[in-house]
Amino acid sequence: MTQELSKFDRIIERYERSEESLLAILQDYQREFQYVPEEGMRRLSEVMGVPLSKLYAMATFYKALSLVPRGRHTIKVCTGTACHLKGAPQILETLERELRVKRNGTTEDGEFTLECVNCVGACAMAPVILVDEVYHGQNRPSKVMDIIKKQVGS
Ligand code: FES
Numbered sequence: 462m463t464q465e466l467s468k469f470d471r472i473i474e475r476y477e478r479s480e481e482s483l484l485a486i487l488q489d490y491q492r493e494f495q496y497v498p499e500e501g502m503r504r505l506s507e508v509m510g511v512p513l514s515k516l517y518a519m520a521t522f523y524k525a526l527s528l529v530p531r532g533r534h535t536i537k538v539c540t541g542t543a544c545h546l547k548g549a550p551q552i553l554e555t556l557e558r559e560l561r562v563k564r565n566g567t568t569e570d571g572e573f574t575l576e577c578v579n580c581v582g583a584c585a586m587a588p589v590i591l592v593d594e595v596y597h598g599q600n601r602p603s604k605v606m607d608i609i610k611k612q613v614g615s
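Going by our numbering, the sequence shown wraps up at 615, each residue one higher than the last.
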């Protein structure tokens, strides 16, 4: 058994062998590997006797799960109308440049995933970014990296 497989087994063993455990196991994969690896789903399908297609359907349905590796931290830039008018494009350009990553990408060191999202319902605070779901409003390109560093402590 490869090392990767035993990692999956260690997670699977924490749970009862029932369909109710599937989501919790996928969430543990996500926490441990920053995504849901295909090999992990294959192993889960074998052990639990559920079709792989069912696990894929779950991994694509739940927003907290990702089939591609994600950063330890997620930065979301709101690009809704209010934020766009108040400078979201400049915030996004700054982040792409400073983090050396394109939107919807993950930095090489696996630290950050950068995403664009539609209105997050805080237009009065525009332009808004979310760092691991924490809202930060009234951003300026010159300050945005400081805000992120302060929150994630790097
Ligand atoms: S447009 Fe950004 S919070 Fe509404």
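We treat Cβ as the ideally placed atom computed from N, Cα and C, and that holds for glycine. What you are looking at is a predicted structure, and each value in this text was computed from that prediction instead of being measured.
| Asked | Found |
| --- | --- |
| Given 8 angstroms as the limit, tell me if V595 has its C-beta closer than that to any heavy atom belonging to the ligand FES. | no |
| What are the residues that DSSP puts in a beta bridge with C539? | V578 |
| When burial is assigned at 16 or more other CB atoms within 10 Å of the CB, is V497 buried or exposed? | buried |
| Excluding the five sequence neighbours on either side, which residues of its own chain have a C-beta within less than 6 angstroms of the C-beta of Q495, listed in chain order? | P530 and R531 |
| Within the same chain, show all residues whose beta-carbon is closer than 6 angstroms to that of H534, passing over the 5 residues directly before and after it, in chain order. | F573, D593 and V613 |
| By the three-class DSSP mapping on this structure, what secondary structure does T568 have? | coil |
| Starting from Y596, trace the beta strand (DSSP E) in both directions and tell me its first and last residue. | V595 to H597 |
| Using the C-alpha atoms, what's the distance from R492 back to V589? | 26 angstroms |
| What do you reckon, is the C-beta of T542 under 8 angstroms from a heavy atom of the ligand FES? | yes |
| Closest to A520 by CA distance: which of Y490, T542 and C584 is it? | Y490 |
| Considering only residues of the same chain and omitting the five flanking positions on each side of S506, which have a CB-CB separation below 7 angstroms? | P512, L513 and L516 |
| Can the beta-carbon of V578 be found closer than 9 angstroms to that of L560? | no |
| Using the C-alpha atoms, what's the distance from D607 back to A549? | 16 angstroms |
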